[in-house]
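Protein chains in written order, with this note's numbering: chain Y, 194 to 343; chain C, 194 to 343. Note sheet for the following structure.
Number of protein chains: 2
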Amino acid sequence: MRADDILSIGQVAARTGLAVSAIRYYEDMGLITPMRAPGGNRRFRRADIRRLSFVRIAQGFGFTLPRIAELLADLPEARTPTAKDWRVISEGFKQELDQKIATLTKLRDDLDGCIGCGCLSLERCALYNRDDRAAQKGDGPRYLMGDTSD
Amino acid sequence: MRADDILSIGQVAARTGLAVSAIRYYEDMGLITPMRAPGGNRRFRRADIRRLSFVRIAQGFGFTLPRIAELLADLPEARTPTAKDWRVISEGFKQELDQKIATLTKLRDDLDGCIGCGCLSLERCALYNRDDRAAQKGDGPRYLMGDTSD
DNA sequence: CTACGATCTCAAGTTAACTTTAGATCAAGA
DNA sequence: TCTTGATCTAAAGTTAACTTGAGATCGTAG
């Protein structure tokens, strides 16, 4: 696979694990803009495959296609962004990621804590059920999912 | 708000930020099983609110409702699980979370790297576009999204 | 040149996750 | 009791993200 590879939609599908129909749909949604062969068939550059990979990952974390399109659209293409542009533009996305990582890590750690505390049940656990007085007879960690107060 | 609070669906909606219709839908999907007042109105315990919070978070990370139902159903209720049961049951979920955290953290860090490298464009960046020889004239970090090879 | 699988477009169908609507009942204050 | 807002059920509608289907064209091995 060389740097100047240009791929057909079927090859891109095989490589990314996406369905051919999904790739065409993403084009309709403006996520990618593949080139066209003289006959009309789509031709994909590496950049397109990168974008598609990005789409898959972002999607797996609950980002919508319009939101992903925004993220991808804010990047290069029209005018060349300055370093400052880049920083400003990506800051929002980075913050969203940081936020999600924080929430998820918290959830994961809480789960670890619950497994470790030996209480045997999420429902009965002081950790899961902070304010249940019966459960608070035991001790151990006391937190879950930040404090959105439920 | 005391530990024995029992809430109406509207109060739960206000507290969780979910729509009333969504809460009813979640009940239909088996995610929660609120009690009923003599007249038929739903009555929610703290445990229900906890479950709903869990649903929101898991959903934000792309888990489907059936999958979330599995996670919630595997927990207490029928028979009392042993510590070992608990560990085995939650192991799968924990691994999914770890996996997601790893992927997302990588993505975030890659983005950091790209912002920091001064190349000004994701498309042109050696980081984003690893195998593009033109871009590799510059130096800096070289990676993105693990190596799923696109 | 001829197959024949890969693609193309456009339109309609599908699925998950809800929301909306309609008409009836509940619940709590005046 | 009366009234008024909150809930109830059941069914139909909505939206996002695709998939499927129909019929035509592309493109490459023979």
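All C-beta atoms, glycine included, are put in the ideal place defined by N, C-alpha and C.
Could you confirm whether any beta carbon from chain Y is found closer than 7 Å to the beta carbon of C/T392? Because chain C in this structure spans residues 194 to 343, residue 392 of chain C falls outside the shown range and cannot be described.
| message | Pairs of beta-carbons, one from the stretch 230 to 250 of chain Y and one from the stretch 232 to 251 of chain C, closer than 8 Å: are there three or more? | response | no
Assuming contact is defined by CB atoms lying nearer than 7 Å, are Y/V213 and Y/A207 in contact in what I supplied? no
Buried/exposed call for C/T209, threshold 16 Cβ in 10 Å:
buried
TODO: Go ahead and label Y/I199 buried or exposed: buried means 16 or more other beta carbons lie within 10 angstroms of its beta carbon, across all protein chains shown.
DONE: exposed
Looking at the structure shown, is Y/F247 part of a helix, part of a strand, or coil, going by DSSP?
-> helix
**Study point:** Partners in chain Y for C/T296, counting only beta-carbon separations shorter than 7 Å
**Key:** I250
Query - Where the alpha helix (DSSP H) containing Y/D192 begins and where it ends - result: With chain Y covering 194 to 343 only, the question about residue 192 of chain Y has no answer from this structure.
query: For Y/I225, which residues of its own chain have a beta-carbon under 7 Å away from its beta-carbon, when the five flanking residues on both sides are left out?
result: Y219, D241, R244 and L245
Do C/M222 and C/L258 have their beta-carbon atoms positioned less than 7 Å apart in this structure?
yes
Problem - alpha helix (DSSP H) segment containing C/G210, residue limits - result: It is not in any alpha helix (DSSP H) - C/G210 carries neither H nor E in the DSSP assignment.
Item checked: Whole-angstrom C-beta distance between C/T296 and Y/I294, which should lie under 8 Å -> Actually they are not in contact, since the Cβ atoms of Y/I294 and C/T296 sit about 10 Å apart, beyond 8 Å.
Practice item. Verify the CB distance criterion: does Y/G203 have a CB-CB separation below 7 Å to chain C? Key: no
query: In chain C, which residues lie with their C-beta within 8 Å of the C-beta of Y/G223?
result: Ordered by position in chain C, no residue passes the 8 Å Cβ test against Y/G223, which lies about 16 Å from the chain.
Three-state secondary structure (DSSP) of Y/R239:
helix
Thinking Y/F254 and C/F254 are a contact (beta carbons under 8 Å), I'd like their distance in whole angstroms, please. 6 Å
Please confirm if C/F254 has its CB atom under 7 Å from at least one CB of chain Y.
yes
Requested in this report: Tell me whether C/L290 sits in a helix, a strand or coil according to DSSP, three-state version.
Outcome: helix
Using alpha carbons as the reference points, say which of Y/F247, Y/E289 and Y/A262 lies closest to Y/L211.
-> Y/F247
Given C/A230 as reference, the closest of C/Q252, C/S201 and C/E289 once Cα atoms are compared: C/S201
_Identity of the residues DSSP links to C/L200 by a beta bridge_ = C/F237
- Using a Cβ-Cβ cut-off of 8 Å (strictly less than) and excluding sequence neighbours within five positions of C/I261, which residues of its own chain qualify? L224, F247, V248, A251 and Q252
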